[in-house]
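In UniProt numbering, the protein residues as written are 1 to 71. What follows is a short report on a single structure.
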Amino acid sequence: MLYVLVGILALAAGVALGFFIARKYMMDYLKKNPPINEQMLRMMMMQMGQKPSQKKINQMMSQMNKQFDKK
Numbered sequence: 001m002l003y004v005l006v007g008i009l010a011l012a013a014g015v016a017l018g019f020f021i022a023r024k025y026m027m028d029y030l031k032k033n034p035p036i037n038e039q040m041l042r043m044m045m046m047q048m049g050q051k052p053s054q055k056k057i058n059q060m061m062s063q064m065n066k067q068f069d070k071k
């Protein structure tokens, strides 16, 4: 009975620890390698028929960074 309880507690602790380590790793990875960069944003705007100015791209990137930092 005691071995089963210890096993269940160890499994729960391992799952929780693994989740938090994986979450921290992914947050650091996304901060270093953002999913959308300026070049991608420029290409998306051109495909939508807009002529992207550097000011507009900078505004959109700063908004995206603020949104990412909130999470």
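Even glycine gets a Cβ: it sits at the ideal position worked out from N, Cα and C. No experiment lies behind these values; they were computed from the predicted model shown.
Under three-state DSSP, which class holds residue i?
i	result
Ser62	helix
Met48	coil
Ile36	coil
Taking residue i as part of the alpha helix (DSSP H), name the residues at either end of that continuous run.
i	result
Lys24	Leu2 to Lys32
I think residue i touches residue j, with their Cβ atoms under 8 Å apart; what is that distance to the nearest whole Å?
i	j	result
Gln64	Ile36	Looking at the sequence provided, one finds Met at residue 64 rather than Gln. Sure, about 7 Å apart at Cβ, within 8 Å.
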